[in-house]
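Enquirer:
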Amino acid sequence: MSHQTELIKKLQEIFQIDRADLDFGIYRILNSRSQEIGDYLQNKLPAKIQAAFSASGQTQIDGWKRELAEAEKAAADLGANPADLPKVKELKGKIAVAQKSGAAGEAAVYNHLLTFFSRYYEEGDFISQRRYKGDTYAVPYSGEEVLLHWANKDQYYTKSGENFSNYRFKLSDGREVFFRLTAADTAKDNRKDNDTARVFALAQERVIEKEDDNGDLYEEAVYPVREISDASGGKTLEIRFEYIVAPKGEKKPQEKANENTIATLKNLKDWQAVWQPAPTEKNPNRTLLEKQLADYTAKNTADYFIHKDLGGFLRRELDFYIKNEVMDLDNIQDAPTFANIEGSLHQIQTLRAIAREIIDFLAQLEDFQKKLWLKKKFVAQSHWLITLNHIPSDMLKTVFANAKQREAWKNLFAINDLPPPR
128 MSHQTELIKK
138 LQEIFQIDRA
148 DLDFGIYRIL
158 NSRSQEIGDY
168 LQNKLPAKIQ
178 AAFSASGQTQ
188 IDGWKRELAE
198 AEKAAADLGA
208 NPADLPKVKE
218 LKGKIAVAQK
228 SGAAGEAAVY
238 NHLLTFFSRY
248 YEEGDFISQR
258 RYKGDTYAVP
268 YSGEEVLLHW
278 ANKDQYYTKS
288 GENFSNYRFK
298 LSDGREVFFR
308 LTAADTAKDN
318 RKDNDTARVF
328 ALAQERVIEK
338 EDDNGDLYEE
348 AVYPVREISD
358 ASGGKTLEIR
368 FEYIVAPKGE
378 KKPQEKANEN
388 TIATLKNLKD
398 WQAVWQPAPT
408 EKNPNRTLLE
418 KQLADYTAKN
428 TADYFIHKDL
438 GGFLRRELDF
448 YIKNEVMDLD
458 NIQDAPTFAN
468 IEGSLHQIQT
478 LRAIAREIID
488 FLAQLEDFQK
498 KLWLKKKFVA
508 QSHWLITLNH
518 IPSDMLKTVF
528 ANAKQREAWK
538 NLFAINDLPP
548 PR
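Residues 128 to 549 in the working numbering are what the sequence shown lists, from first letter to last.
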């Protein structure tokens, strides 16, 4: 696999345009721009790199060819053999090197772009790992006596339990499958679950009691699997899940829950498209439904981070990377001719320009997610807890007459019975 192919594959993963079948949340926005991103990666990016080296290289070659023609003419006028002149030999050597260095320069740029962006991307997140060189890290330090630093210092931590989302994907026959979360039992206040494992399991068929916006209770039937038809005649397979506590001591509880879900859904006869093969090296018999279920549960059970200033961070790291790992002083000092140094500088210019274009694009997507994260939350319900001494005396009879309030006091203060209101 060439460096160009590897880079395009990595950028497709980072931009998440390899998930065109997903139709919700950030994926819907990415899909709306997937054609533009794909065109840039497949066509514009290679064309820009090739043009940068072709234009520069051809300009130099044309100049050296003119010098060579003048040198050969001067030698012929003097009656000397042009091939024996040092100037002619030098120019011919420069032209030969330049004609070969174009492809090598392009490969070097692709390789550096792949190395740079792979360093800061891991399983869907950009991690603030400031590199000094290779696998050696650098910590920003301004001379303080005490410095506290951690790997994701410049990022917002987002616990998956607060960001459960429904999951929709399209099938090859045009129909859709919709994973919907019915109930989620999670830890509170953005804390991690240290002692309790929770898993996504297929919902149990039952009737649940819910509360509407006005505070009125109503009943809703829960079906683990059902087929929904819309007004246009399209069909969607709705599969409902619950996020529940896993049995204690069970190893890999989510994988076990996924296996149970797939076994239960084996009876889906009218939805054969969900059983289309989606093999991997480790699991050659994996089906499309198994793949999407694994992606869904992984997405909602993995904590993730949103960078506070991804564009600024990557631009600073790019400049540091170029100074430390591309602009090698030893190579500059040992360069046989100035033409070699010029070639290295042009390679750096091309690398920096292309990398900054990609960084600008990535920063737009990350900043969009940051805006969503920082957006003021909508308050669905609010309650007040007020002590009785703050309630007007003419309202106390109404409070004491409320059966739910008296029952709450009994439970709260372990009172067997309350005197009837007077």
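Backbone N, C-alpha and C define an ideal beta-carbon position, used for all residues, glycine too.
1. Three-state secondary structure (DSSP) at Phe505?
2. Just the Cα atoms here: how many angstroms apart are Asp300 and Lys171?
3. By the three-class DSSP mapping on this structure, what secondary structure does Ile513 have?
4. At the level of alpha carbons, what is the spacing between Asp357 and Thr363?
5. For Lys315, which of helix, strand or coil comes out of DSSP?
6. Is Ser129 close to the ligand COA? I mean its beta-carbon at under 7 Å from any heavy atom of the ligand.
7. Could you pull out every residue in the same chain whose Cβ sits closer than 8 Å to the Cβ of Lys435, ignoring the five residues on either side in sequence?
8. Ignore the nearest five residues each way along the sequence and tell me which others in Ala127's own chain have a CB closer than 6 Å to its CB.
9. How would you call Ser269, buried or exposed, if buried means at least 16 neighbouring beta carbons within 10 angstroms?
10. Does the distance from the C-beta atom of Arg325 to that of Tyr370 stay below 8 Å?
11. Specify, as a first and last residue, the run of the alpha helix (DSSP H) that His130 falls within.
12. Who are Phe368's beta bridge partners in DSSP?
13. Can you tell me where the beta strand (DSSP E) with Gln282 in it begins and where it stops?
14. For Lys337, which residues in the same chain have their Cβ closer than 8 Å to its Cβ, ignoring the five residues on either side in sequence?
15. If you reduce the DSSP assignment to three classes, tell me which class Arg353 lands in.
16. For Asp316, is the classification buried or exposed, using 16 other Cβ atoms within 10 angstroms of its Cβ as the cut-off for buried?
17. Going residue by residue through the region 369 to 433, where are the continuous alpha helix (DSSP H) segments of at least 4 residues, counting only ones entirely within it?
18. My output table needs one value for Arg160: the three-state DSSP class, helix, strand or coil.
Expert: On the basis of the coordinates in this document:
1. Coil.
2. Rounded to whole angstroms, the separation of the alpha carbons of Lys171 and Asp300 is 33 Å.
3. In this structure, Ile513 counts as coil in the three-state DSSP scheme.
4. Going from the Cα of Asp357 to the Cα of Thr363 covers about 8 Å.
5. Model confidence at Lys315 stands at a pLDDT of 47, short of 50, so the residue's coordinates are unreliable and nothing is read from them.
6. Of ligands this structure carries none, so the ligand COA is not represented either.
7. Exclusion of the five residues before and after Lys435 leaves Asp281, Gln282, Tyr283 and Lys497 as the residues of its chain whose Cβ lies within less than 8 Å of its Cβ.
8. Shown here, the chain extends from 128 to 549; a query on residue 127 therefore has no answer.
9. That one is exposed.
10. Cβ distance < 8 Å, so Arg325 and Tyr370 count as in contact.
11. His130: member of the alpha helix (DSSP H) spanning His130 to Phe142, first to last residue.
12. Phe368 has Leu308 and Leu329 as its beta-bridge partners, per DSSP.
13. Its beta strand (DSSP E) spans residues Gln282 to Thr285.
14. Closer than 8 Å at Cβ, skipping near neighbours: Leu344, Tyr345, Glu346 and Glu347.
15. Arg353: strand per DSSP, three-state reduction.
16. Residue placement at Asp316 is flagged as unreliable, the pLDDT there being 46, under the threshold of 50; the coordinate-derived value follows with that caveat. Under a 10 Å Cβ-count criterion, Asp316 is classified as exposed, with fewer than 16 other Cβ atoms of the shown protein chains found around its own Cβ.
17. Within the region 369 to 433, the complete alpha helix (DSSP H) runs of at least 4 residues are 380 to 391 and 415 to 428.
18. Arg160 falls in the coil class under three-state DSSP.
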